[in-house]
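Chemist:
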Amino acid sequence: MSIFHALESSASALTAQRLRMDVISSNIANAQSTRATVNENGDYEPYRRKMVTMQSESTNFKSLLNRAKNSGQPGGVKVTDITEDETPFKFVYNPSHPDANENGYVQLPNVEPLKEMVDLMSATRSYEANITALNASKSMLMKALEIGK
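The sequence shown begins at 1 in the UniProt record's numbering and counts up by one.
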């Protein structure tokens, strides 16, 4: 195994968490967007919340061990998909809104700002944990280089 495997694993996790934070930021920014997409009928629809799906690059420990032993490549994290949340849109009574229907209801996105903030805090904590692991690996590599002096 290479001495850089720990750094590569942390780097893949940092990249995945950064993408997750970007998607969450997009969700928060579009929490009030009533005309974000056009459906198959040609009508405008509100913004639909997006979610990031991540998984380990190896499915189980045995495959991770075999992969590291045979190819020398580390395991890491990869983003497999960005999906749209299929929960229904919210309806709010506001007859003066330009997008209100004939009954005075406005269809709003299925984004809950509180839930997004919790997800953002979780992604931030994961990002910070990976930076700590990256710094620990870097420190160990630097100590190993000092041994040769």
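Beta carbons: idealized from backbone N, C-alpha and C, even for Gly.
Among the residues of its own chain, which have a CB less than 7 angstroms from the CB of F89, if the five just before and after it don't count?
Modeler: Same-chain partners within the cutoff: P46, Q107, L108, P109, N110.
Chemist: Compute the Euclidean distance between the alpha carbons of D43 and S122, then round it to the nearest angstrom.
Modeler: So the two alpha carbons sit approximately 35 angstroms from each other.
Chemist: Just mark D99 as buried or exposed, buried being the case when its beta carbon has 16 or more other beta carbons within 10 Å.
Modeler: Answer is exposed; the Cβ neighbour count stays below 16.
Chemist: Restricting to Cα atoms, I'd like to know which of E8, M117, N101, P95 is closest to R26.
Modeler: The residue you asked about is not Arg; residue 26 is Ser in the sequence shown. Closest by alpha carbon: M117.
Chemist: From this set, E112, S12, N66, N39, which residue's C-alpha is nearest K50's C-alpha?
Modeler: Comparing Cα-Cα distances from K50 to each of E112, S12, N66, N39, the minimum goes to E112.
Chemist: Just the C-alpha distance for T80 and Q55, rounded to the nearest angstrom, thanks.
Modeler: Cα to Cα, the separation comes out at about 7 angstroms.
Chemist: For K62, which residues of its own chain have a beta-carbon under 6 angstroms away from its beta-carbon, when the five flanking residues on both sides are left out?
Modeler: Nothing meets the Cβ criterion.
Chemist: Check whether the Cβ atoms of K78 and A16 lie closer than 8 angstroms to each other.
Modeler: A contact, by the Cβ cut-off of 8 angstroms.
Chemist: Starting from the N-terminal side, write out each stretch of the beta strand (DSSP E) that is 3 residues or longer and does not extend beyond the region 50 to 128.
Modeler: Listed in chain order, they are 50 to 56, 77 to 84, 90 to 93, 105 to 108.
Chemist: Nearest to I24 by alpha carbon, out of L145, T124, A11?
Modeler: If we check each option's Cα against that of I24, T124 comes out closest.
Chemist: Considering only the beta carbon of each residue, do I82 and V52 sit closer than 8 angstroms?
Modeler: In this structure, V52 lies closer than 8 angstroms to I82 by Cβ.
Chemist: In the DSSP assignment, what are the bridge partners of T37?
Modeler: DSSP lists E45 as partners of T37.
Chemist: How many angstroms separate the CA atom of P95 from the CA atom of R18?
Modeler: Their backbone Cα atoms lie some 39 angstroms apart in a straight line.
Chemist: Looking at the structure shown, is A6 part of a helix, part of a strand, or coil, going by DSSP?
Modeler: Helix at A6.
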